[in-house]
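Peer 1:
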Amino acid sequence: MGLYLAFFAHSSIWYSFFVIGGFFLLEGINSKKDFSLLKNYQTFLYTWLLFVLITILTEIIGNFLLNAWTYPYFGLVDYFIHVILIGYPFTFFFAMEFFVLVKRYTSSKLWWFILPISAIIFGYLNELPNIFAYEWRYSEMFLGNFLGIPILISILWLLILLVQLFEKLFFDRKKVSF
Numbered sequence: 253m254g255l256y257l258a259f260f261a262h263s264s265i266w267y268s269f270f271v272i273g274g275f276f277l278l279e280g281i282n283s284k285k286d287f288s289l290l291k292n293y294q295t296f297l298y299t300w301l302l303f304v305l306i307t308i309l310t311e312i313i314g315n316f317l318l319n320a321w322t323y324p325y326f327g328l329v330d331y332f333i334h335v336i337l338i339g340y341p342f343t344f345f346f347a348m349e350f351f352v353l354v355k356r357y358t359s360s361k362l363w364w365f366i367l368p369i370s371a372i373i374f375g376y377l378n379e380l381p382n383i384f385a386y387e388w389r390y391s392e393m394f395l396g397n398f399l400g401i402p403i404l405i406s407i408l409w410l411l412i413l414l415v416q417l418f419e420k421l422f423f424d425r426k427k428v429s430f
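The opening position of the sequence shown corresponds to residue 253 in this note's numbering, with each subsequent residue numbered one higher.
Given below as structure tokens:
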């Protein structure tokens, strides 16, 4: 649904549908094994609140202080709902599910190599549809662009690897199998 909204409807709220849909898709796959973000709703809610705080900090630095991006079609209510409450927090949950899946199918000896590449791929999967919808727009940045996305932003997607710090909160300790 999110990709349809980006590519064909050019909707300014495509990303909320994309990250929630991606999160539920990977949650369905991972929960059949040993990992579920939704199994413990209290832990999920506390983690979501922490992710909201990280979102606010990121937006204060990147958007308001550095003017690195804008949300040209959002008023205050849309900004609060689609960026603060849904956008970043569910991107983090989606990424956590994504990295659990990647690690399940790769040797732990290769994680140091595979996970950064996976983070960049995950970043581009999140950024490329926005070229059609422009829910957010980046300011001109040094280092130039690659596929319409600032290279600096591509590098910053490596920070998404930090969501792995929260993974242990959600593993079913009875059935861990990598």
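Glycine included, each C-beta is placed from N, C-alpha and C at the ideal position.
Taking 8 Å as the cut-off, decide whether the C-beta atoms of Tyr234 and Thr310 are in contact.
Peer 2: Shown here, the chain extends from 253 to 430; a query on residue 234 therefore has no answer.
Peer 1: Have a look at the DSSP bridge pairing and note the partners of Pro402.
Peer 2: According to DSSP, Pro402 bridges with Asn397.
Peer 1: Which same chain residues end up closer than 6 Å to Ile412 when comparing Cβ atoms and leaving out the 5 residues on each side of it in sequence?
Peer 2: Ala347, Ala371
Peer 1: With DSSP collapsed to three states, give me the class of Phe422.
Peer 2: coil
Peer 1: Specify, as a first and last residue, the run of the alpha helix (DSSP H) that Ile366 falls within.
Peer 2: 363 to 379
Peer 1: List the endpoints of the continuous alpha helix (DSSP H) containing Phe316.
Peer 2: Phe316 -> no alpha helix (DSSP H), and no H or E assigned at all.
Peer 1: Within 10 Å of its beta-carbon, does Pro402 have 16 or more other beta-carbons around it, so buried, or fewer, so exposed?
Peer 2: buried
Peer 1: Give me whichever residues DSSP pairs with Arg389 in a beta bridge.
Peer 2: Paired residues: Thr322.
Peer 1: Have a look at Ile455 and Arg356 and give me their C-alpha separation to the nearest angstrom.
Peer 2: This structure leaves residue 455 out entirely; the chain is present only between 253 and 430.
Peer 1: Kindly confirm or deny that the region 260 to 268 and the region 321 to 340 touch, where touching means at least three C-beta pairs closer than 8 Å.
Peer 2: yes
Peer 1: Please state whether DSSP places Phe351 in a helix, a strand or coil.
Peer 2: helix
Peer 1: Nearest to Gly273 by CA position, among Tyr376, Leu410, Phe350, is which residue?
Peer 2: Phe350
Peer 1: Taking DSSP as the reference, what is the three-state secondary structure of Phe287?
Peer 2: In the three-state DSSP reduction, Phe287 falls in the strand class (E or B).
Peer 1: Looking only at its own chain, which residues have a Cβ that is under 8 Å from the Cβ of Pro368, when we skip the five neighbours before and after it?
Peer 2: Leu410, Leu413
Peer 1: How big is the Cα-Cα spacing for Val329 and Phe342?
Peer 2: 18 Å
Peer 1: For Phe287, which residues of its own chain have a beta-carbon under 8 Å away from its beta-carbon, when the five flanking residues on both sides are left out?
Peer 2: Hits under 8 Å: Glu349, Val352, Glu419, Phe422, Phe423, Asp424.
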